[in-house]
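Asker: Protein chains in written order, with my numbering: chain P, 1 to 328; chain Z, 1001 to 1283.
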Amino acid sequence: MPMIEAHDLRKTYRASGEDVHALDGLSLQVPEGRVIGLLGPNGAGKTTAVKVLTTLIRPDSGTARVAGLDVLTQAREVKRVIGSSGQYAAVDENLTGLENLEMVGRLYHLGTRAARGRARELIELFDLAEAGDRPVKGFSGGMRRRIDLAGALVIDPQVLFLDEPTTGLDPRSRIALWGVIKSLVAGGTTVLLTTQYLEEADHLADSIYVIDQGRVIAEGTSDELKAQIGGHRIALALVDAADSGAAREILARHGTGPVTVDDSGRSLEVPVQHGPSTLAAALAELGQAGVQLHDAGIRRPTLDDVFLTLTGHAAAASDDSATDGAAS
Amino acid sequence: MSSQLARHTDAVALPPPDGPRWPLLSDAWTITWRNVLKFKRSPDYVVFAVLQPIMFVMLFSQVYGGSIRVEGTNYTDYLMAGIFGQTVLFGATFSGYGMAQDLKDGIIDRFRTLPMHPAAVLLGRTAADLALNTLSMVIMILTGLVVGWRFHEGLLPFLGGVGLLLLFSYAFSWVMALIGMMVRTPEVINNASFMILFPLTFISNAFVQSQNLPGPLQAFANWNPVSALVQAARSLFGNLGQSPVSDAIPMRYPIATVLTGSVLMLVIFVPLAVTRYTRSSRR
């Protein structure tokens, strides 16, 4: 039985006189114990999908089940077995870390004593001792995220939803939070996490759904997705931007796709069929042409490349940020 | 913290499948507890609930006491019901502000993913605000007694008057809670309540006798729910003096009007607010 199952979810909002299809036939299946990443730019529909799955909003059409329970007709039962942590750390500023977690435990109906005990446990496990007895107000974003994440784990949830768990965190806090999430999933919890960071999906998820404009446009493990857009890439760093034209011509002859040149004109890339031999051939020609190089190498495609290839636009540089936030 | 986090190693189990016997009351109590903790930690609330009533009682009784004459009683006696009315009316707006703020902070989203009773957050919100209003009420009564206010009809009618004020405030809390879930930001609640409730309390019999108001304002004041509330409390406190009573129905039957109005507000706005809550999510 899949732990999360969504079929043909649709949700349309009206925003400034226009219909926005936040979900446009989204379907997905997550087997038990897997970690699935929903990857997509702002406005792709990730948050809306999570809100439907965590019973916060009703889709216009389509069905969804979590742990075998229908999110529309068995919402109360669903809530008993899930934990969720939102995009915006939903902690109460005026309560201490401990009180926040105790409140969540009580609302899960653990009973006051058990709730307090569990809260203490989580404070320790998440290294939150200093936030335990002081109001959350005044603590850093990373600390709040940890409290919010701890809130999602007050019960031992069968399914955990993490909506952009590290958005807005500095790199150090992000890596620390990744560690926490990884140790969680090692225990076998089924996790659905959304992210706009390709690196994060790559790092945490067993497999990835790439979402754009409210539907899944690709799915697979990170390796499968990379393979889907083909082999290797040759990357060059030129000493002199004046050589850009010549280098580009040479790469174009060896590549299987278009050559990309960055704004400085000194950094070039091209997809190729076979890395090592093509690189050697290209380097020989570049040497003959007198093009001086800082660096040359082969690299595997990143999820950024995947995204660019699949959607025609980069993951981060999407300008329609309206949809994800429009849920009301 | 790493390996201990793993599933099945923690002491805690899933919550008992049957849960508490009275989930609504248990959840509402938890939310009330949380809201009261918030009050204790925000000086703003304490200032509003404690200092402002004292200030109003002092200002009005001392400043206007000498210039406003009420037939058959003194102005301080006449005034107190008006200040009570105004304070509980504004006190009820906390429910709107609180809901709007929780929605904005995403706390409502958190609550809505928990297996709570759908009415619990609203019940806990309005209960905490009622507690705060009751505190204001006690402070005002004590301040009033210090500046010379007396009730003349005995203890039971006095308690009846206090109960009526709090009932009205509680019912109005639900109206404000609904509005709080419909506005975009909490600030809207503050501004709107100032723009609407301020005139409403001033064009009423709260601070002056309505027969002294010019024609159209007088008609408005006689049908103003605030006037009925104040009139009802005033009559239960024995603070009416001999000021003439208007023929308008709410003025002739103020207690019945306030009771009916409060019950109607609850009957209409409790279901509306709960329904709205189950569809609310952070924007």
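Every residue gets a Cβ at the ideal spot worked out from N, C-alpha and C, and that includes glycine.
Rounded to whole angstroms, how far is the Cβ of P:Gly-255 from the Cβ of P:Val-270, which I believe are closer than 8 Å?
Answerer: Position 255 of the first sequence holds residue 255 of chain P. Position 270 of the first sequence holds residue 270 of chain P. Contact flag correct, Cβ pair sits at about 3 Å.
Asker: Helix, strand or coil, according to DSSP, for P:His-21 in the structure here?
Answerer: Counting from 1 along the first sequence, the entry for residue 21 of chain P is found at position 21. Three-state result, P:His-21: strand.
Asker: Compute the beta-carbon to beta-carbon distance between Z:Ala-1256 and Z:Asn-1222, rounded to the nearest angstrom, for a pair I have assumed lies under 8 Å.
Answerer: As a working note, residue 1256 of chain Z is residue 256 in the second sequence. As a working note, residue 1222 of chain Z is residue 222 in the second sequence. The pair is not a contact, with the Cβ atoms about 16 Å apart (cut-off 8 Å).
Asker: Under 8 Å, Cβ to Cβ, is there at least one residue of chain Z near P:Pro-59?
Answerer: Locating residue 59 of chain P in the first sequence gives position 59, where the first residue counts as 1. So, not an interface residue.
Asker: Determine whether the Cβ of P:Tyr-88 lies closer than 8 Å to any Cβ atom of chain Z.
Answerer: On the first sequence, position 88 is the one that residue 88 of chain P refers to. At least one chain Z Cβ lies under 8 Å of P:Tyr-88.
Asker: Would you report the Cα separation of P:Phe-161 and P:Val-136, rounded to the nearest angstrom?
Answerer: Position 161 of the first sequence holds residue 161 of chain P. Position 136 of the first sequence holds residue 136 of chain P. Answer to the nearest angstrom: the Cα atoms are 23 Å apart.
Asker: On the DSSP letters alone, give me the boundaries of the alpha helix (DSSP H) that Z:Val-1121 sits inside.
Answerer: For the purposes of this step, residue 1121 of chain Z is taken as the residue at position 121 of the second sequence. Here the alpha helix (DSSP H) through Z:Val-1121 covers 1120-1146.
Asker: Run through chain P and tell me which residues come within less than 7 Å of Z:Ser-1042, C-beta to C-beta.
Answerer: Residue mapping note: residue 1042 of chain Z aligns to position 42 of the second sequence, counting from 1. Asn-94, listed in chain order.
Asker: Any idea which residues DSSP pairs P:Val-261 with across the strands?
Answerer: Within the first sequence, numbered from 1, the residue matching residue 261 of chain P stands at position 261. According to DSSP, which records beta bridges pairwise, P:Val-261 is partnered with P:Leu-268.
Asker: From P:Ile-208, P:Tyr-197, P:Ile-155, P:Ala-284, pick the residue whose C-alpha is nearest to that of P:Leu-184; which is it?
Answerer: On the first sequence, residue 184 of chain P is found 184 positions in, with the first residue counted as 1. Selected option, being the one with the closest Cα: P:Ile-155.
Asker: Would you list the one or two residues that DSSP bridges to P:Gln-29?
Answerer: Working through the first sequence from its first residue, we reach residue 29 of chain P at position 29. For P:Gln-29, which the question treats as bridged, DSSP gives the partners P:Glu-5.
Asker: Identify, in the order they occur along the chain, each residue of the same chain with its Cβ nearer than 6 Å to the Cβ of Z:Leu-1200, setting aside the five sequence neighbours on each side.
Answerer: Locating residue 1200 of chain Z in the second sequence gives position 200, where the first residue counts as 1. Cβ neighbours of Z:Leu-1200 beyond the five flanking positions: Val-1226.
Asker: Determine the DSSP secondary structure at P:Thr-12, reduced to helix, strand or coil.
Answerer: For the purposes of this step, residue 12 of chain P is taken as the residue at position 12 of the first sequence. Strand.
Asker: Alpha carbon to alpha carbon, how far is P:Gly-297 from P:Val-274? Give it in angstroms, no decimals.
Answerer: Numbered from 1 along the first sequence, position 274 holds the residue referred to as residue 274 of chain P. Numbered from 1 along the first sequence, position 297 holds the residue referred to as residue 297 of chain P. What sits at residue 274 of chain P in the sequence shown is His, not Val. Looking at the two C-alpha atoms, the distance is approximately 13 Å.
Asker: Taking Z:Gly-1096 as the reference, give the member of Z:Val-1183, Z:Gln-1218, Z:Pro-1244 with the closest Cα.
Answerer: Here the question's residue 1096 of chain Z lines up with position 96 in the second sequence. The residue with the shortest Cα to Cα distance from Z:Gly-1096 is Z:Val-1183.
Asker: Going along chain P in order, which residues have a C-beta closer than 8 Å to the C-beta of Z:Met-1111?
Answerer: As a first step, residue 1111 of chain Z must be located in the second sequence, where it is residue number 111. The question names Met, yet the displayed sequence has Phe at residue 1111 of chain Z. Near Z:Phe-1111 (Cβ distances below 8 Å), the residues of chain P are Leu-107.
Asker: Give a yes or no on whether the C-beta atoms belonging to Z:Phe-1161 and Z:Ala-1100 are separated by under 8 Å.
Answerer: By one-based count along the second sequence, residue 1161 of chain Z stands at place 161. By one-based count along the second sequence, residue 1100 of chain Z stands at place 100. It should be noted that the sequence gives Gly, not Phe, for residue 1161 of chain Z. The answer is no: Cβ separation not under 8 Å.
Asker: Using a Cβ cut-off of 8 Å, pull out every chain P residue sitting near Z:Arg-1034, in sequence order please.
Answerer: Reading the second sequence from its first residue, position 34 is the one you call residue 1034 of chain Z. Within 8 Å Cβ-Cβ: Asp-92, Leu-95, Glu-99, Met-103.
Asker: Count the other CB atoms within 10 Å of the CB of P:Asp-60; is the residue buried (16 or more) or exposed (fewer)?
Answerer: As a first step, residue 60 of chain P must be located in the first sequence, where it is residue number 60. With fewer than 16 other Cβ atoms within 10 Å, it is exposed.
Asker: Report the residue from P:Thr-190, P:Gly-132, P:Leu-149, P:Ala-75 whose alpha carbon sits nearest the alpha carbon of P:Asn-94.
Answerer: Reading the first sequence from its first residue, position 94 is the one you call residue 94 of chain P. Considering only alpha carbons, the answer is P:Gly-132.
Asker: What residues of chain P sit near Z:Leu-1114, judged by a beta carbon separation below 8 Å?
Answerer: Here residue 1114 of chain Z is taken as the residue at index 114 of the second sequence, counted from 1. Ordered by position in chain P, the residues that pass the 8 Å Cβ test against Z:Leu-1114 are Lys-79, Val-104, Leu-107, Tyr-108.
Asker: Hey, is Z:Ala-1273 close to the ligand ZN, as in C-beta under 7 Å from one of its heavy atoms?
Answerer: Of ligands this structure carries none, so the ligand ZN is not represented either.
Asker: For chain P, find out if any of its Cβ atoms is closer than 8 Å to the Cβ of Z:Ile-1107; answer yes or no.
Answerer: Here residue 1107 of chain Z refers to the residue found at position 107 when the second sequence is read from its first residue. Chain P contact via Cβ: present.
Asker: State buried or exposed for P:Pro-301, treating a residue as buried only when at least 16 other CB atoms are found within 10 Å of its CB.
Answerer: Along the first sequence, one-based indexing puts residue 301 of chain P at 301. With 16 or more other Cβ atoms within 10 Å, it is buried.
Asker: Beta-carbon of Z:Pro-1214 versus every beta-carbon of chain P: anything under 8 Å?
Answerer: Indexing the second sequence from 1 puts residue 1214 of chain Z at position 214. No, its Cβ sits nowhere closer than 8 Å to a Cβ of chain P.
Asker: Tell me, to the nearest whole angstrom, how far the beta carbon of P:Arg-266 is from that of P:Ala-241; I am working on the premise that it is less than 8 Å.
Answerer: Here residue 266 of chain P corresponds to residue number 266 of the first sequence, with the count starting at 1. Here residue 241 of chain P corresponds to residue number 241 of the first sequence, with the count starting at 1. Contact flag correct, Cβ pair sits at about 5 Å.
Asker: First and last residue of the beta strand (DSSP E) that includes P:Arg-299?
Answerer: Working through the first sequence from its first residue, we reach residue 299 of chain P at position 299. P:Arg-299 -> beta strand (DSSP E) spans 293-299.
Asker: Does any residue of chain P have a CB that is nearer than 8 Å to the CB of Z:Thr-1275?
Answerer: Position 275 of the second sequence, counted from the first residue, corresponds to residue 1275 of chain Z. Cβ-Cβ to chain P under 8 Å: no for Z:Thr-1275.
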